[in-house]
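Chains as they are written, first to last, in our numbering: chain A, 1 to 337; chain B, 1 to 337. For every residue, glycine included, the Cβ atom is placed at its ideal position computed from N, Cα and C. Predicted model, so just to flag it, every value in this text is computed and none were measured.
Protein chains: 2
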Amino acid sequence: MKATIYDVAREAGVSIAAVSQVINGKGKISEERRNEIFSVMERLNYRPSLIAAALTGKSTYTLGLLVPDISNPFFAEIAHAVEDQAHQRGYSLAICSTHNDDERIERYLSLLQQKSVDGLIIGTGMDNVELLGPLIEKSVPIISIARETLSPHVLPVLVGDFAGGCMAAKHLIQLGHTRLAVIAESLKVSSSRERIRGFRQTLEAEGLNVPDAWVLAGGSDLLHEGKRNAMTLLQQTVRPTALFCCNDLLAIGALQAAKELGFRVPEDLSIVGFDNTILASVTDPPMTTVAQPIAEMGKLAVNLLIEELTKEGKSTIVQRTVIEPELVVRKSTGTIS
Amino acid sequence: MKATIYDVAREAGVSIAAVSQVINGKGKISEERRNEIFSVMERLNYRPSLIAAALTGKSTYTLGLLVPDISNPFFAEIAHAVEDQAHQRGYSLAICSTHNDDERIERYLSLLQQKSVDGLIIGTGMDNVELLGPLIEKSVPIISIARETLSPHVLPVLVGDFAGGCMAAKHLIQLGHTRLAVIAESLKVSSSRERIRGFRQTLEAEGLNVPDAWVLAGGSDLLHEGKRNAMTLLQQTVRPTALFCCNDLLAIGALQAAKELGFRVPEDLSIVGFDNTILASVTDPPMTTVAQPIAEMGKLAVNLLIEELTKEGKSTIVQRTVIEPELVVRKSTGTIS
DNA sequence: TTGAAAGCGCTACCAA
DNA sequence: TTGGTAGCGCTTTCAA
Numbered sequence: 001m002k003a004t005i006y007d008v009a010r011e012a013g014v015s016i017a018a019v020s021q022v023i024n025g026k027g028k029i030s031e032e033r034r035n036e037i038f039s040v041m042e043r044l045n046y047r048p049s050l051i052a053a054a055l056t057g058k059s060t061y062t063l064g065l066l067v068p069d070i071s072n073p074f075f076a077e078i079a080h081a082v083e084d085q086a087h088q089r090g091y092s093l094a095i096c097s098t099h100n101d102d103e104r105i106e107r108y109l110s111l112l113q114q115k116s117v118d119g120l121i122i123g124t125g126m127d128n129v130e131l132l133g134p135l136i137e138k139s140v141p142i143i144s145i146a147r148e149t150l151s152p153h154v155l156p157v158l159v160g161d162f163a164g165g166c167m168a169a170k171h172l173i174q175l176g177h178t179r180l181a182v183i184a185e186s187l188k189v190s191s192s193r194e195r196i197r198g199f200r201q202t203l204e205a206e207g208l209n210v211p212d213a214w215v216l217a218g219g220s221d222l223l224h225e226g227k228r229n230a231m232t233l234l235q236q237t238v239r240p241t242a243l244f245c246c247n248d249l250l251a252i253g254a255l256q257a258a259k260e261l262g263f264r265v266p267e268d269l270s271i272v273g274f275d276n277t278i279l280a281s282v283t284d285p286p287m288t289t290v291a292q293p294i295a296e297m298g299k300l301a302v303n304l305l306i307e308e309l310t311k312e313g314k315s316t317i318v319q320r321t322v323i324e325p326e327l328v329v330r331k332s333t334g335t336i337s
Numbered sequence: 001m002k003a004t005i006y007d008v009a010r011e012a013g014v015s016i017a018a019v020s021q022v023i024n025g026k027g028k029i030s031e032e033r034r035n036e037i038f039s040v041m042e043r044l045n046y047r048p049s050l051i052a053a054a055l056t057g058k059s060t061y062t063l064g065l066l067v068p069d070i071s072n073p074f075f076a077e078i079a080h081a082v083e084d085q086a087h088q089r090g091y092s093l094a095i096c097s098t099h100n101d102d103e104r105i106e107r108y109l110s111l112l113q114q115k116s117v118d119g120l121i122i123g124t125g126m127d128n129v130e131l132l133g134p135l136i137e138k139s140v141p142i143i144s145i146a147r148e149t150l151s152p153h154v155l156p157v158l159v160g161d162f163a164g165g166c167m168a169a170k171h172l173i174q175l176g177h178t179r180l181a182v183i184a185e186s187l188k189v190s191s192s193r194e195r196i197r198g199f200r201q202t203l204e205a206e207g208l209n210v211p212d213a214w215v216l217a218g219g220s221d222l223l224h225e226g227k228r229n230a231m232t233l234l235q236q237t238v239r240p241t242a243l244f245c246c247n248d249l250l251a252i253g254a255l256q257a258a259k260e261l262g263f264r265v266p267e268d269l270s271i272v273g274f275d276n277t278i279l280a281s282v283t284d285p286p287m288t289t290v291a292q293p294i295a296e297m298g299k300l301a302v303n304l305l306i307e308e309l310t311k312e313g314k315s316t317i318v319q320r321t322v323i324e325p326e327l328v329v330r331k332s333t334g335t336i337s
């Protein structure tokens with residue numbers, strides 16, 4: 001059977017309180033006793049139960065992470081970054097794929113609540129912000145990552161979506177493109193909207209513009225959707241010479257469409273993605289894309305969260321953290337030929 | 001503050017025992033009381049604490065999943081499959097990226113133990129099987145996924161690696177290749193060895209063989225390593241016309257090398273990968289690869305695990321579960337020109 | 001410096 | 001059917 005604090009105390013001939021103090025490095029225990037107790041713990045292979053500790057009010061050292069789909073490379077990389085930093089700080093992670101399904105979100109939220117996670121990082125869209133209510137009431141700190149904040153109680157850690165859109169536009173303008181189109185995931189996603197806004201605004205400053213008919217969005221199977229939308233765009237008699245896709249998966253779909261229709265990339269068509277996941281480096285040609293600093297974002301989100309949950313009651317100033325993206329130029333963009 | 005079972009009992013004018021029974025659907029409670037209690041729980045927004053429940057000996061409904069690196073698409077897909085099924089069955093998942101680092105593995109194992117996870121799924125390599133000792137002693141059921149079993153107490157759920165190697169070989173033979181080479185991750189990984197064994201054995205049955213010098217392995221940055229090793233192979237005066245790579249990442253690296261050296265794929269060189277992650281469908285040309293049935297494996301692993309942990313003491317017959325892989329032929333393989 | 005004891009929220013057994 | 005109550009393993013005063 002699993003050894004308990006009682007076993008250790010008995011073996012060492014002390015009270016459980018003494019053992020507890022030793023475990024937590026608190027109180028005053030003589031060097032002698034302390035070593036004695038340590039060696040008994042060792043001998044019994046004793047591991048304090050975090051469950052029992054949590055019950056007495058201590059934290060659970062567990063963080064929850066909600067993402068739409070962990071098998072999507074972007075979120076896998078987010079999860080990786082978050083887990084890394086959490087581990088670093090002594091926390092472990094419960095990862096939940098929501099499939100963007102409100103029911104599932106609700107179940108997970110309830111579950112995480114029942115497990116008394118210390119904090120929550122949300123990287124999934126949520127149509128129904130109300131779902132966070134119970135958590136917020138219990139003052140579980142929440143951070144949203146790569147998403148606009150969901151409620152005033154949720155601090156966001158974001159990439160500069162607007163700036164990213166600008167970068168993409170600037171790059172394409174420099175290459176001489178004048179007929180540009182946009183493929184987005186869903187206009188319900190704030191980050192998509194911001195990217196597009198940045199893109200368009202930069203173009204307009206140069207006297208260019210993207211006709212509304214050339215902003216295509218929607219779909220859930222991103223790869224497929226990107227391909228389909230690119231097909232539509234490229235089969236028009238007057239077609240764009242450059243595509244700005246709001247994420248890598250869409251960009252890859254567009255790339256496939258271009259090839260299928262016989263367009264060369266980048267000679268006939270330039271494509272810019274967003275995210276800079278591993279996928280972007282693997283396509284042919286490798287994809288020019290706006291890089292999200294995923295590792296930093298994950299790290300920051302965790303640090304902010306832990307800071308929040310360790311500070312005593314003092315409500316923090318709500319602050320937005322925005323990290324600037326970076327354009328990674330590879331081979332999917334070029335001058336018009 | 002969070003409502004407890006006491007609050008509910010008080011509000012409803014019953015004992016906590018009654019409430020507990022209602023929560024767990026046990027005992028005999030009159031329809032009337034039951035509804036009364038339910039409505040109070042609703043009103044108070046009461047969520048039973050899983051922590052307290054776990055402390056009294058019930059299970060935690062948490063499973064641990066150990067993988068080398070969640071940002072690797074293969075493991076991300078495994079995690080996704082496992083999580084999906086776990087969620088289905090009412091369990092949640094603590095995901096741990098081990099980086100194949102024994103120290104980290106040990107920390108995680110100890111942590112999961114302290115959190116009293118109900119079961120463990122291991123998808124990471126472990127040099128030091130001893131680390132599992134404490135878990136096994138506490139009879140925490142363990143399943144290894146996509147890995148050879150680590151100990152007699154660990155049931156494996158595997159893909160038919162040997163068969164997968166055979167398939168790759170057969171396919172390449174049919175295309176007329178006679179000079180074949182292999183790029184592997186690490187020969188320490190049993191699945192790599194099996195894949196190679198299947199590959200070689202099938203070739204030998206046809207009177208062909210792979211010289212030892214053409215079996216290259218090692219490295220941790222898989223993409224880079226695949227490229228490097230392919231470079232070596234392709235720059236020899238007598239070079240292979242076909243490459244069998246033990247996973248998709250390596251295959252992609254090889255593909256990049258081929259292109260860099262000016263070889264056309266598949267006209268000058270055929271490449272077969274393994275895993276069939278999303279990466280394989282995104283390269284150009286799309287990669288022919290041996291598909292691991294990741295979704296099934298994940299599902300099976302979870303089901304087996306839950307079966308194991310819900311059965312009362314009766315030790316199960318140790319069994320190996322092997323799921324057959326499938327060759328997905330895309331465009332990276334062709335007849336020699 | 002040490003130990004006794006009161007919980008933490010819930011389950012389960014035993015009486016009523 | 002119901003309720004009283006003894007733990008589960010640990011933390012944390014409060015006395016000694």
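Given Ala94/B as reference, the closest of Asn100/B, Ile70/B, Glu103/B once Cα atoms are compared: With distances taken between CA atoms, Ala94/B lies nearest to Ile70/B out of Asn100/B, Ile70/B, Glu103/B.
Against chain B: residues of the stretch 89-104 of chain A by CB proximity under 8 Å: Within the stretch 89-104 of chain A, the residues whose Cβ lies closer than 8 Å to some Cβ of chain B are Ser92, Leu93, Ala94, Ile95, Cys96, Ser97, Arg104, listed in chain order.
Where the beta strand (DSSP E) containing Phe274/B begins and where it ends: Start and end: 270-275.
8 Å CB neighbourhood of Ala254/A in its chain, flanking five on each side removed: In chain order, Ile183, Gly226, Lys227, Asn229, Ala230, Leu243, Cys245, Ile271 place their CB closer than 8 Å to the CB of Ala254/A, counting only its own chain and leaving out the 5 sequence neighbours on each side.
Span of the alpha helix (DSSP H), counted from its first residue to its last, around Ile306/A: For Ile306/A, the enclosing alpha helix (DSSP H) has its first and last residue at 294-310.
Inter-residue Cα distance where the pair is Leu269/B and Arg89/A: The alpha-carbon separation between Leu269/B and Arg89/A amounts to approximately 48 Å.
Residue from Glu308/B, Thr310/B, Ala251/B, Met297/B with nearest C-alpha to Asp284/B: Comparing Cα positions, the closest option is Ala251/B.
Within chain A, partners of Thr333/B - CB distance below 7 Å: Neighbours of Thr333/B on chain A: none; closest Cβ ~16 Å, over 7 Å.
Ala54/B: contacting residues in chain A (beta-carbon distance under 7 Å): Result: Ile51.
Contact check, Gln113/A vs Arg43/B, beta carbons under 9 Å: Cβ distance not < 9 Å, so Gln113/A and Arg43/B don't count as in contact.
Chain-order list of residues whose beta-carbon lies under 6 Å from that of Ala146/B (same chain, five-residue window excluded): Result list for Ala146/B: Gly123, in chain order.
Runs of alpha helix (DSSP H) wholly within the stretch 45-105 of chain A (minimum 4 residues, chain order): Listed in chain order, they are 50-55, 73-88.
Cα-Cα separation between Asn276/A and Pro211/A, rounded to whole angstroms: In this structure, the alpha-carbon of Asn276/A lies about 27 Å from that of Pro211/A.
Reference Pro240/B, options Leu187/B, Lys188/B, Arg179/B, closest by Cα: When each option's Cα is compared against that of Pro240/B, the closest is Arg179/B.
Beta bridge counterpart(s) of Ser144/B as assigned by DSSP: Beta bridge pairing from DSSP links Ser144/B with Ile122/B, Pro156/B.
DSSP-derived helix/strand/coil call for Glu326/B: Residue state for Glu326/B is assigned as strand, using DSSP reduced to three classes.
Chain-ordered chain B contacts of Pro73/A [CB-CB under 8 Å]: Within chain B, the residues near Pro73/A are Ser71, Pro73, Ala76, Ile278.
Extent of the continuous beta strand (DSSP E) to which Leu216/B belongs: In the DSSP annotation of this structure, the continuous segment of the beta strand (DSSP E) that includes Leu216/B starts and ends at 215-217.
Helix, strand or coil at Phe263/B [DSSP, three-state]: Correct three-state label for Phe263/B: coil.
Chain-ordered chain A contacts of Ala79/B [CB-CB under 9 Å]: The answer, in chain order, is Ile70, Ser71, Ala76, Ala79, Ile95, Ser97.
Chain A residues whose Cβ lies nearer than 9 Å to that of Pro83/B: Checking the sequence shown, residue 83/B turns out to be Glu, not Pro. The contacting residues are Ile70, Ile95, Cys96, Ser97.
Contact between the stretch 100-119 of chain B and the stretch 321-337 of chain B (3+ Cβ pairs under 8 Å): Counting C-beta pairs with one atom in each stretch, the stretch 100-119 of chain B and the stretch 321-337 of chain B have fewer than three that are closer than 8 Å, which means they do not touch.
Distance between His177/A and Ile105/A (C-alpha atoms, nearest Å): One C-alpha to the other measures close to 42 Å.
Sequence-distant residues of the same chain with beta carbon closer than 8 Å to Val67/A, five excluded per side: Its chain contains Phe75, Ile78, Ala79, Ile95, Cys96, Ser97, Thr98, Gly123, Thr124 as the residues whose beta carbon lies nearer than 8 Å to that of Val67/A, once the 5 sequence neighbours on both sides are disregarded; these appear in chain order.
Own chain residues within Cβ distance below 8 Å of Glu308/B, not counting five before or after: Within the same chain, Glu308/B has close Cβ partners Gly119, Pro141, Ile143, Leu155, Thr316.
Beta bridge counterpart(s) of Ile183/B as assigned by DSSP: Ile183/B is bridged to Leu216/B, Cys245/B.
Val290/B, buried or exposed, once every other Cβ within 10 Å from all chains shown has been counted against 16: Of the residues assessed, Val290/B falls on the buried side of the cut-off, its CB having 16 or more other CB atoms within 10 angstroms.
Contacting residues, own chain, Cβ-Cβ under 7 Å from Ala163/A (five flanking each side not counted): For Ala163/A, the CB contacts under 7 Å within the same chain, skipping 5 residues up- and downstream, are Gly198, Glu324, Pro325 in chain order.
Residues that DSSP places opposite Val210/B in a beta bridge: Answer is none; Val210/B lacks a bridge partner.
Which of helix, strand or coil DSSP assigns to Val290/B: Strand, per DSSP.
Nearest-angstrom Cα separation, counted from Ile51/A out to Arg195/B: Going by the C-alpha atoms only, they are around 43 Å apart.
Residues sharing a beta bridge with Thr321/B, DSSP: Thr321/B pairs with Val157/B.
Listed by chain order, chain B residues near Ile23/A by CB distance under 8 Å: Within chain B, no residue comes near Ile23/A; the closest Cβ sits about 11 Å away, beyond 8 Å.
Contact residues within the stretch 281-298 of chain B, judged by C-beta distance below 7 Å to chain A: Going along the stretch 281-298 of chain B in chain order, one finds Val282, Thr283, Asp284 with a Cβ nearer than 7 Å to chain A.
Spatial distance of Ile306/A from Leu150/A (CA atoms): Rounded to whole angstroms, Ile306/A and Leu150/A show a C-alpha spacing of 19 Å.
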